[in-house]
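Structure first, then comments.
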Amino acid sequence: MTSILGISAFYHDSAAALIKDGEIIAAAQEERFTRHKHDSNYPKNAVDFVLQEAGLKLSEVDHITFYEKPFLKFERLLETYLAFAPKGFNSFCMSMPLWLREKLFQKNLLMQNLKEHDKNFNDEKKLLFSEHHFSHAASAYYPSPFKDAVVLTLDGVGEWATTTVALGENDNLEIIKEIHFPHSLGLLYSAFTYYTGFKVNSGEYKLMGLAPYGDPKYKKLIMDNLIDLKSDGSFRLNMDYFNYATGLTMTNKKFEKLFKNSVRVPEKSFLTQFHMDVAASAQAAIEEVVLTLARSLAKEHKSKNLCLAGGVALNCVANGKILKENIFEKIWIQPAAGDAGGALGAAMSVWHKELNNKRIYPLEDRMRGAYLGPSYSDNNVELKLKKLGARFRKYSEEQIIDITAKELSNSKTIGWFQGKMEFGPRALGARSIIADPRSEKMQKTLNLKVKFRESFRPFAPSVIREDLAEWFELNCDSPYMLLVAGVNKSIRREMNQEEKNLFGIDKLNIKRSTIPAVTHIDYSARIQTVHEKTNPKYHQLIKKFKEITSCPVIVNTSFNVRGEPIVCTVEDAFRCFMGTNLDMLVCENFILYKEKQNSKLEEDYKEKFKLD
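Here the sequence shown is numbered in the numbering used here, starting from 145 and rising by one per residue.
Written out as structure tokens, the structure reads:
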């Protein structure tokens, strides 16, 4: 049996993944263990976890692979500074010592860290290096259910590539086209994230969530000045407006002059209609590029299947539009589409590309619902809850389902902690906060009182797969919450003229459907289909909720507060429960009610984590 450990680290979202004979055994991000969001350090805890899950010591692992090639990245850095010189000298002086001390000699650094797991590990021949975008492409194609596919990877930047097209056929995967730094769709979107006052590499999803409140009135300005898009989807950015190649900010004064406003100061200045219009315009521009690329690729290649990876593949609105236009017949998106998924892709690339192994048949989604992280037995949970001083009661699984569904129908907000933690940025019913989507107040309540975040942020519906077509304009699986589609017209509520005349955030409180808590202001929803095979308990819960309410949909958001990674352990879940206005915690087969807890155990969670 051949085992391969994949590692991504040292930029953002460090992670580890382990496969045995091509089967994914375990995968997790380091942030979940350290509680430091987007942790970029060597993923010591994640590596320990996947080894433990596989029942292996590091010295017993056959191959260890890193998700990118540091020397190529260093080459890009040097050539970029030379190309833009003398601009960026301060940035160059700041970054060089770090590169020369740590990043350039990453093989040595990795070996030092790896030896800490196992004193018997000393074979550096086991350590391999994949290429950043090939790791992404492998993570999207090899676990997919497709015999052949066009594989599109879009992100900020790897070594040199920012956009790649690969073709997958049976066991073979080859990158055939690349767009290179500094021309990057991911960095363009991050520039607007920065400009609207959100945190780069973290706040991009806020920009996407803000977009429907605005009017894309600046889209033409963007397409005329910032990006040159060709008919085949290839593009170049006008670097006169950007500062990220060599500077310490994403945009420059010329960018501000173009939009006639300076960069918004995070947390100190309000979001205005201008920022909403900029967000809508940036989103519209990104969609145009992605759709142009997709159409061109569909025309050029015979495969009817599309696989997506890279950070831009988390833009579920753009993904939904590719699907809606029927550009490809089927789409499969890697749930850990960002750098964390690179750890898995690196391992997959060694198994298939380096070792020439065949894919496992019959072909199916190999991500197992993305439930690849740590889990806890009832005995373990009980011991931990007692140690924490929690007041709880144990029930049978059937009782857990009955009680939780009833409490949901009574508008209780619930922390749902079950089974293996998800891999990737989305909570998918293992580490989730769940609620009743029929409540008109639920979106605001969850945002302000539970998540401590901006009121405009949308929530996703979890719907049992069997009932999908009756509620949403979607006719395919969406297990990873990476597709946006409309809610069905039959459950919509049309706005009156007075409501239609409202602007910006004033639109938030208008009821738009029979499930207002998950219906965005443009009548769309970011959908998760729940499948009995991959998450039977969650599926059973929603089924029971449907029995009580006739509604097969519940609100699903990640179990954390703003700035905090999704909870991983029982302790994390209890602390978050006690630090927020959640009514109830369901931890495996134990139920905890807030009003029954010792008030001395309450925490001030509002200021606990750095704002993201």
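Ideal Cβ placement from N, Cα and C applies to all residues, glycine included. Quantities reported herein were computed from a predicted structural model and do not represent experimental measurements.
Which same chain residues end up closer than 8 Å to residue i when comparing Cβ atoms and leaving out the 5 residues on each side of it in sequence?
i, result
"K687", "I608, P696"
"R582", "T658, I659, P660, A661, T693, C695"
"F734", "D522, V525, E526, L529, F536, R537, K538, Y539"
"E638", "none"
Going by the beta-carbon positions, is the gap between residue i and residue j smaller than 8 Å?
i, j, result
"L149", "A284", "no"
"P605", "Q684", "no"
"A574", "F718", "no"
"A161", "E174", "no"
"F193", "L254", "no"
"V494", "L311", "no"
"A571", "L552", "no"
"Y385", "F399", "yes"
"D292", "H280", "no"
"Y362", "F414", "no"
"G517", "F567", "yes"
"E268", "E212", "no"
"V407", "Y339", "yes"
"L450", "V294", "yes"
"F379", "D372", "yes"
In chain order, what residues of the same chain have a beta carbon less than 6 Å from the beta carbon of residue i, not counting five sequence neighbours either side?
i, result
"V434", "A462"
"N345", "H156"
"V628", "C460, V461, G464, S668, R670"
"I545", "Q684, L685, K688"
"G358", "M420, D421, A423, A424"
"G485", "S283, Q478"
"K350", "F342"
"Q250", "P214"
Report back the beta-carbon spacing between residue i and residue j to the nearest angstrom; my notes put them in contact at under 8 Å.
i, j, result
"R512", "I208", "No, R512 and I208 are not in contact; Cβ-Cβ is about 23 Å, not under 8 Å."
"L441", "L626", "That belief does not hold up - the Cβ atoms of L441 and L626 are roughly 19 Å apart, past 8 Å."
"K681", "Q562", "6 Å"
"K474", "L317", "Their Cβ separation, rounded to whole angstroms, is 17 Å, which puts K474 and L317 out of contact at 8 Å."
"T557", "V594", "6 Å"
"L745", "M722", "5 Å"
"R601", "G353", "5 Å"
"A429", "I366", "4 Å"
"A487", "I151", "5 Å"
"S761", "N700", "Summary: the structure shown does not reach residue 761, with the chain confined to residues 145 through 756, and so no result is reported for it."
"W476", "S288", "4 Å"
"N143", "K259", "Because the chain spans 145 through 756 in this model, residue 143 falls outside it and cannot be assessed."
By alpha-carbon positions, which one of the options ends up nearest to residue i?
i, options, result
"P709", "N619, C720, D206", "C720"
"R706", "K754, V674, T395, N733", "K754"
"E444", "E275, G377, W476", "G377"
"K364", "L415, E318, D421", "D421"
"M383", "S375, F689, N396", "N396"
"I163", "P660, V631, T146", "T146"
"G391", "D368, Q417, T340, A335", "A335"
"I323", "L729, L332, W304", "W304"
"N632", "R656, E642, L381", "R656"
"K165", "A429, Y505, G341", "Residue identity check: residue 165 is Asp in the sequence provided, not Lys. When only C-alpha atoms are compared, the closest one is Y505."
"E747", "L729, T724, G559", "T724"
"E469", "H180, E617, D509, S288", "E617"
"Y749", "N704, Y362, N640, L736", "N704"
"K201", "N264, Q256, R176", "N264"
"A355", "T306, Q417, A153, T701", "Q417"
"S203", "K270, N591, E610", "K270"
"V711", "I665, F154, T178, T307", "T178"
"F590", "K564, E610, A170, G559", "A small fix is needed here, since residue 590 is Leu in this sequence, not Phe. Cα-wise, what sits closest to L590 is G559."
What are the boundary residues of the alpha helix (DSSP H) that residue i is part of?
i, result
"W615", "612-615"
"S334", "329-339"
"R719", "714-723"
"I665", "Note, I665: premise wrong, no alpha helix (DSSP H); not H, not E."
"S553", "541-553"
"N316", "From DSSP, N316 is part of no alpha helix (DSSP H) but of the beta strand (DSSP E) over 316-324."
"L365", "363-369"
"F399", "397-403"
"A462", "460-468"
Output needed for residue i: all residues of its chain with C-beta closer than 7 Å, excluding positions within five of it in sequence on either side, in chain order.
i, result
"K502", "D315"
"N619", "A613"
"E313", "D292"
Would you give the residue range spanned by the beta strand (DSSP E) that residue i belongs to?
i, result
"Q672", "668-674"
"V697", "697-702"
"A604", "604-608"
"T308", "305-313"
"C620", "Unbroken run through C620: none, as it is neither H nor E."
"F734", "734-737"
"V294", "292-298"
"Q173", "167-173"
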